[in-house]
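**Q** In my numbering, the protein residues as written are 194 to 334.
No residue lacks a Cβ here, since even glycine has one placed at the ideal position from N, Cα and C.
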């Protein structure tokens, strides 16, 4: 152990210079880093699975899924936050090329045997029902 310590101590400047050069090289490669998220690029040309995916995409226009995550300090089940999420959901639905939006806010809700369309007015009047429904539907506590 003492030999290693002496080696490092006697060549400290050289070791620091090597570490600096390695860090600069790592930093240079960091700026050239690219992440390809298209899983079809991992398949070879003519791969039957990739071709099947392309056929399904042309027929059903399934495209790729995009997840939108919302971070909030207080509960998303508060009336104001439910309305904000609902408006965001509507804004996303209106973007050209979006075929489907899935959310924890249902498009309709069953209350005592009656089915109601969920909109901003419903959320404003019945946010307590929405909160109970969402908690019962998604949280198994």
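For a minimum of 3 consecutive residues, which ranges assigned as the beta strand (DSSP E) are wholly contained in the region 237-323?
**A** Counting whole runs of 3 or more residues, the region 237-323 contains the beta strand (DSSP E) stretches 301-304 and 307-310.
**Q** On the three-pair Cβ rule with 8 Å, is the region 296-311 touching the region 320-333?
**A** Contact between the region 296-311 and the region 320-333 is present, because at least three Cβ pairs lie under 8 Å.
**Q** If we count Cβ pairs, one from each stretch, closer than 8 Å, do we get three or more for the region 277-296 versus the region 231-240?
**A** Output reads no: the region 231-240 does not touch the region 277-296.
**Q** Indicate the three-state DSSP secondary structure (helix, strand or coil) for residue 226 in the structure shown.
**A** Within the chain shown, residue 226 is the residue found at index 33, counting from 1. In the structure shown, residue 226 sits in coil (DSSP, three-state: anything other than H, G, I, E or B).
**Q** Do residue 278 and residue 298 have their CB atoms nearer than 8 Å?
**A** Sequence index remark: in the chain shown, residue 278 carries index 85 (1-based). Sequence index remark: in the chain shown, residue 298 carries index 105 (1-based). Yes, they are a contact pair.
**Q** With a CB to CB cut of under 8 Å and the five nearest residues on each side skipped, what residues in its chain are close to residue 207?
**A** Position 14 of the chain shown, counted from the first residue, corresponds to residue 207. No residues qualify anywhere along the chain.
**Q** Just to confirm the assignment, what range does the alpha helix (DSSP H) spanning residue 196 have?
**A** Position 3 of the chain shown, counted from the start, is the residue given in the question as residue 196. Segment 195-203, the alpha helix (DSSP H) holding residue 196.
**Q** Within 10 angstroms of the Cβ of residue 215, are there 16 or more other Cβ atoms? Answer buried if so, exposed if not.
**A** Taking the first residue of the chain shown as position 1, residue 215 is located at position 22. The residue is exposed, with fewer than 16 neighbouring Cβ atoms inside 10 Å.
**Q** Excluding the 5 residues preceding and the 5 following residue 223 in the sequence, name in chain order all residues of the same chain whose CB lies nearer than 8 Å to its CB.
**A** As a working note, residue 223 is residue 30 in the chain shown. Closer than 8 Å at Cβ, skipping near neighbours: no residue.
**Q** Give the straight-line distance between the Cα atoms of residue 295 and residue 272, rounded to the nearest whole angstrom.
**A** Here residue 295 corresponds to residue number 102 of the chain shown, with the count starting at 1. Here residue 272 corresponds to residue number 79 of the chain shown, with the count starting at 1. For residue 295 and residue 272, the distance between alpha carbons rounds to 19 Å.
**Q** Can you give me the C-alpha to C-alpha distance between residue 317 and residue 255, rounded to a whole angstrom?
**A** Taking the first residue of the chain shown as 1, we reach residue 317 at position 124. Taking the first residue of the chain shown as 1, we reach residue 255 at position 62. Their backbone Cα atoms lie some 33 Å apart in a straight line.
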